[in-house]
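Step one of this worksheet: look at the structure below.
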Amino acid sequence: MIDTTADCHFPKQERIVSRKQIEMLFGGGDSHSLAAFPLRAVYMIKERAQGEPPVQILVSVPKRRFRHAVDRNRVKRQVREAYRHHKQALWQSVPDDRQLLLAFLWLSDSHLPTADVEQRVVRLVKCIAEKL
28 MIDTTADCHF PKQERIVSRK QIEMLFGGGD SHSLAAFPLR AVYMIKERAQ
78 GEPPVQILVS VPKRRFRHAV DRNRVKRQVR EAYRHHKQAL WQSVPDDRQL
128 LLAFLWLSDS HLPTADVEQR VVRLVKCIAE KL
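Take 28 as the starting number for the sequence shown in this note's numbering and just add one per residue.
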């Protein structure tokens, strides 16, 4: 299920690290949400500044879901890998002058196999790409 033709890099520029962008994504009225349990995707479209990538993402696994950091890191790694292999669909659907901010939120208290996590991420990515 891995797309080998896609650009399989995930540089830091593609991550949401700005508190301003995070507040805009979760606090603004322009954001939308989709769920594919145990993942929820919150996304919004904004104007793209010079030199920014078309899509930036954030992966959040709350401490109340997994008390140990090693468990949270495992889930985040699974989500990032699935996104990295299937991000091309989003990149192609975002207009040239726009940018997509996307956050993946983990909702479950248990781990899932990597194949199941990848399936949920792919479902969310396809739904978001269709809505753009």
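By construction, the Cβ of each residue, glycine as well, lies at the ideal position given by its N, Cα and C atoms.
### Query
Between the C-alpha atoms of leucine 132 and valine 86, what's the straight-line distance to the nearest angstrom?
Between the alpha carbons of leucine 132 and valine 86 lies a gap of roughly 6 Å.
### Query
Grouping DSSP H, G and I as helix and E and B as strand, with all else coil, what is valine 90?
The residue you asked about is not valine; residue 90 is lysine in the sequence shown. Under the three-state reduction of DSSP, lysine 90 is assigned to coil, being neither helix nor strand.
### Message
Is the beta carbon of valine 82 closer than 8 Å to that of tryptophan 118?
### Response
In contact: tryptophan 118 and valine 82 (Cβ atoms closer than 8 Å).
### Cβ pair arginine 92, serine 60 closer than 8 Å
no
### Query
Mapping DSSP to helix, strand and coil, what is serine 60?
strand
### Task
With glutamate 145 as the anchor, note down where its alpha helix (DSSP H) starts and where it stops.
Run containing glutamate 145: 141-158, per the alpha helix (DSSP H) assignment.
### Query
Residues in its own chain within less than 7 Å of cysteine 154 by CB, not counting five upstream and five downstream?
Leu61
### Message
Between which two residues does the alpha helix (DSSP H) holding valine 121 run?
### Response
Element bounds for valine 121: n/a, residue is neither H nor E.
### Message
Using a Cβ-Cβ cutoff of less than 7 Å, which residues in the same chain neighbour phenylalanine 53 once the five nearest sequence positions on both sides are dropped?
### Response
Val69
### Task
With DSSP as the reference, label arginine 46 as helix, strand or coil.
Here arginine 46 carries a helix assignment [DSSP, helix/strand/coil].
#### Entry: Option in Arg147, Gln48, Ala156 with minimal Cα separation from leucine 128
Gln48
### Task
Determine the DSSP secondary structure at glutamate 74, reduced to helix, strand or coil.
strand
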